[in-house]
Amino acid sequence: MTQSPSRHFDLIVIGTGSGNSLINESFADKSVAICEKGTFGGTCLNVGCIPTKMFVYAADTATAIRRSEQYGVDSTLDGVRWQDTVSRVFDNRIDPIASSGEDYRRHRCDNVTVYDGHATFVGPRTIDTGTGEIITADQIVIAAGARPSIPEIVTESGVAYYTSDDVMRIPELPESMIIQGSGFIACEFAHVFSALGVKVTVIGRSDVLLKHLDRELAERFTEQAREHWDVRLGQHVTAVTATGSDSRGVQITFEDGSTCAADSLLVATGRTPNGDLLSLDSAGIELDGDRVRVDEFGRTTADGVWALGDVSSPFQLKHVANHEQRVLGHNLLHPENLQPFHHAHVPYAVFTWPQIASVGLTEDEARAAGHDITVKTQDYGDVAYGWAMEDSVGCCKLIADRSTGLLLGAHIMGAQAPSLIQILIQGIEFGLTVPDMARRQYWIHPALAEVVENALLGLDFPDRGF
Ligand SMILES: Cc1cc2nc3c(=O)[nH]c(=O)nc-3n(C[C@H](O)[C@H](O)[C@H](O)COP(=O)(O)OP(=O)(O)OC[C@H]3O[C@@H](n4cnc5c(N)ncnc54)[C@H](O)[C@@H]3O)c2cc1C
Ligand SMILES: NC(=O)c1ccc[n+]([C@@H]2O[C@H](COP(=O)([O-])OP(=O)(O)OC[C@H]3O[C@@H](n4cnc5c(N)ncnc54)[C@H](O)[C@@H]3O)[C@@H](O)[C@H]2O)c1
Numbered sequence: 003m004t005q006s007p008s009r010h011f012d013l014i015v016i017g018t019g020s021g022n023s024l025i026n027e028s029f030a031d032k033s034v035a036i037c038e039k040g041t042f043g044g045t046c047l048n049v050g051c052i053p054t055k056m057f058v059y060a061a062d063t064a065t066a067i068r069r070s071e072q073y074g075v076d077s078t079l080d081g082v083r084w085q086d087t088v089s090r091v092f093d094n095r096i097d098p099i100a101s102s103g104e105d106y107r108r109h110r111c112d113n114v115t116v117y118d119g120h121a122t123f124v125g126p127r128t129i130d131t132g133t134g135e136i137i138t139a140d141q142i143v144i145a146a147g148a149r150p151s152i153p154e155i156v157t158e159s160g161v162a163y164y165t166s167d168d169v170m171r172i173p174e175l176p177e178s179m180i181i182q183g184s185g186f187i188a189c190e191f192a193h194v195f196s197a198l199g200v201k202v203t204v205i206g207r208s209d210v211l212l213k214h215l216d217r218e219l220a221e222r223f224t225e226q227a228r229e230h231w232d233v234r235l236g237q238h239v240t241a242v243t244a245t246g247s248d249s250r251g252v253q254i255t256f257e258d259g260s261t262c263a264a265d266s267l268l269v270a271t272g273r274t275p276n277g278d279l280l281s282l283d284s285a286g287i288e289l290d291g292d293r294v295r296v297d298e299f300g301r302t303t304a305d306g307v308w309a310l311g312d313v314s315s316p317f318q319l320k321h322v323a324n325h326e327q328r329v330l331g332h333n334l335l336h337p338e339n340l341q342p343f344h345h346a347h348v349p350y351a352v353f354t355w356p357q358i359a360s361v362g363l364t365e366d367e368a369r370a371a372g373h374d375i376t377v378k379t380q381d382y383g384d385v386a387y388g389w390a391m392e393d394s395v396g397c398c399k400l401i402a403d404r405s406t407g408l409l410l411g412a413h414i415m416g417a418q419a420p421s422l423i424q425i426l427i428q429g430i431e432f433g434l435t436v437p438d439m440a441r442r443q444y445w446i447h448p449a450l451a452e453v454v455e456n457a458l459l460g461l462d463f464p465d466r467g468f
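What follows is the structure in structure tokens.
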């Protein structure tokens, strides 16, 4: 370290996503520095959960129009005003929220100093803020998130490509788009762009889309996705070539010599935690693979340095980052009474079409863990509301342990899956037995939740108790 620290704080936070939420009224009497190299507010607000779901809502609306005929309601999609959709999301909502959040921290929090630079460690609990100032603190929280990972074959090709960071602000909709990757981001944007009229090709290495799902749902989802998107799975890409007069087009060549081409390329092949860009070595902070290593309390390997969210968590999910932020908020202030992270039953949802939500073990995981299981897959189309919707793709799959009567996993694909699953998250979390969940409460008839009730009733127990 050549330069001397200019200021000492009680707390330094790196990152203004979940890190910014950490600084609540409990820290009002602490001096706090917060470092941000990008847009104030982090991924969820600016380029993640919130804007994507606003685009998903527009895509769902377009999908509903296209599907209305089956209910005897004729409608046509007259057009998509992309620029207005973008403006609704960013000009009207996201950008003003991000800048007012920044303004609040800069001008209305006397105890907080904002540094807008790329922070790096230059010694134990010592940070080069990237603004020409070096600062120190009693405690530091690394909440630096993750960034899109781009395969070398793409970067080395020199082809123009989008990521989730910029694809929501493209000036106009392309006619066609190749989406590389077959996970969360790929399947959400495939729905968005396809529903808004773009010809979408999704390419992935695995043999199904969303390979982390329960296999049965992944297969069902992949099968129906092929009806809307050109889905190319199970093949490695051997060449990526720029095409078109502006070189924004792309041609992909696969290992078997087959090709596909489009006007644009979106890369959605995972996100790399940002710990590798923080010079952690100089502060004795270890990585665990590509994540900052933390113990159950959020402590890194260096005294007084903590981490949360995508930079250190095994789950790159906002509700997990929020939970970890609440736990660290407590732990920073109560070192004598540390609380552990609770990662036992982390649910997730994919806001594609149809929506998907999942909690707990897949069928394969439950079998591999040696449970004596009972499994039921209940189709939406076989309960009253799903029938009213003419649904032919939705299902609720439950996996339970026959000896304990407890639910091990729940996986739903179909309308409102991320909301419907909450009943089952609660059941798993609070240790309710399947008979209790099924029969010790009323299920409103003929609500869509009856798909969950019927799935519970369809599980096979020796002594059903209902
Ligand atoms: C397209 C997309 C959609 C998503 N949708 C969902 C969803 O629907 N539901 C869900 O649960 N999750 C979703 N996620 C994941 C979710 O956004 C993340 O898990 C969550 O935002 C992580 O929060 P964080 O606080 O850990 O990191 P971030 O919010 O990424 O905050 C990290 C901040 O640190 C800053 N930073 C990094 N390094 C430095 C440095 N050296 N110096 C200064 N600043 C630095 C970054 O610029 C960033 O602002 C989505 C993600 C993406 C990309
Ligand atoms: N609704 C949500 O909660 C939501 C939405 C979007 C993103 N996210 C979070 O963001 C994370 C990142 O999303 P994502 O979709 O980028 O990651 P992902 O892990 O869901 O999917 C990445 C996919 O890319 C494939 N891949 C990786 N390297 C590749 C390569 N070199 N060539 C071809 N394919 C490759 C992987 O096999 C995987 O299928 C997710 O894991 C999730 O935690 C959550």
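If you want the numbering used here, it's the 1-based position in the sequence shown plus 2. A virtual CB, placed ideally from N, CA and C, is assigned to each residue, including glycine.
Segment contact: the region 375-387 against the region 397-407, three or more CB-CB distances shorter than 8 Å; contact assigned. In this structure, ligand 2 has a non-hydrogen atom nearer than 7 Å to the beta-carbon of Phe353.
Taking the CA atoms as reference points, Ile14 sits about 12 Å from Leu334. For Tyr350, the CB falls within less than 7 Å of some heavy atom of ligand 2. A distance criterion of 7 Å places the beta-carbon of Gly236 beyond contact range of ligand 2, judged by its closest non-hydrogen atom. Its chain contains Gly251, Val252, Gln253, Ala263 as the residues whose beta carbon lies nearer than 7 Å to that of Thr245, once the 5 sequence neighbours on both sides are disregarded; these appear in chain order.
Between Ile358 and Leu410, the beta carbon gap of about 18 Å keeps them out of contact (Cβ cut-off 8 Å).
Contiguous beta strand (DSSP E) elements confined to the region 209-238 occur at 232-234, taking only those with 3 or more residues. Distance from the C-beta of Ala188 to the nearest heavy atom of ligand 1 is not below 7 Å. Inclusion of Ser20 in the 7 Å shell around ligand 1 follows from its C-beta lying nearer than that to a non-hydrogen atom of the ligand. When C-alpha distances from Val348 are compared across Tyr163, Val200, Asn339, Ser360, the shortest belongs to Ser360. DSSP, reduced to helix, strand and coil, places Trp445 outside both helices and strands of the structure shown, so it counts as coil. By the neighbour-count criterion, in which 16 or more other beta carbons inside 10 Å mark a residue as buried, Asp62 falls on the buried side. Pro342 is a Cβ neighbour of Glu298, given a cutoff of 8 Å.
Counting only runs of at least 3 residues, the region 132-185 fully encloses the following beta strand (DSSP E) elements, listed from N- to C-terminal order: 136-144, 148-150, 178-182. In this structure, DSSP gives Phe317 a state outside helix and strand, which the three-state scheme calls coil. In the DSSP assignment, Ser360 is bridged to Tyr350, His413. According to the DSSP assignment, Ala371 belongs to no beta strand (DSSP E), since it is labelled neither H nor E.
Inclusion of Leu219 and His413 in the CB contact set at 8 Å is warranted, their separation being smaller than that value. For Asp97, the enclosing alpha helix (DSSP H) has its first and last residue at 97-110. Excluding its 5 nearest sequence neighbours in each direction, Val114 has C-beta neighbours in its own chain below 7 Å: Ile25, Val34, Ile36, Arg107, listed in chain order.
Taking the C-beta atoms as reference points, Asp438 is found no nearer than 8 Å to Gly416.
In the three-state reduction of the DSSP assignment, Ser284 falls in the helix class, which pools H, G and I.
At a threshold of 7 Å, Cys46 counts as near ligand 1, since its beta carbon sits closer than that to one of the ligand's heavy atoms. Going by DSSP, Gln253 is part of the beta strand (DSSP E) stretching over 251-256. In the three-state scheme derived from DSSP, where H, G and I count as helix and E and B as strand, Val242 is classed as strand.
Just measuring C-alpha positions, the residue of Ile52, Ala192, Cys189, Gln5 sitting nearest Ile136 is Gln5. In the DSSP assignment, Val88 falls within the unbroken alpha helix (DSSP H) covering 84-88. The beta carbons of Ser284 and Phe123 sit closer together than 8 Å.
Spanning the alpha carbons of Val161 and Cys46 requires a straight line of approximately 27 Å. No Cβ-Cβ contact shorter than 8 Å links Ile205 with Arg228.
When the beta-carbon positions are compared, Pro153 and Asp167 stay at least 8 Å from each other.
Straight across, the Cα-Cα distance linking Leu319 with Leu408 is about 26 Å. Spatial neighbours of Gly460 in its own chain (CB-CB distance under 7 Å, excluding positions within 5 residues in sequence) are listed in chain order as Lys378, Gln380.
About 22 Å separates the beta carbons of Asp12 and Lys39, which is beyond the 8 Å limit, so they are not a contact pair.
Counting every other CB atom within 10 Å of its CB across the protein chains shown gives Ala346 a total below 16, marking it as exposed.
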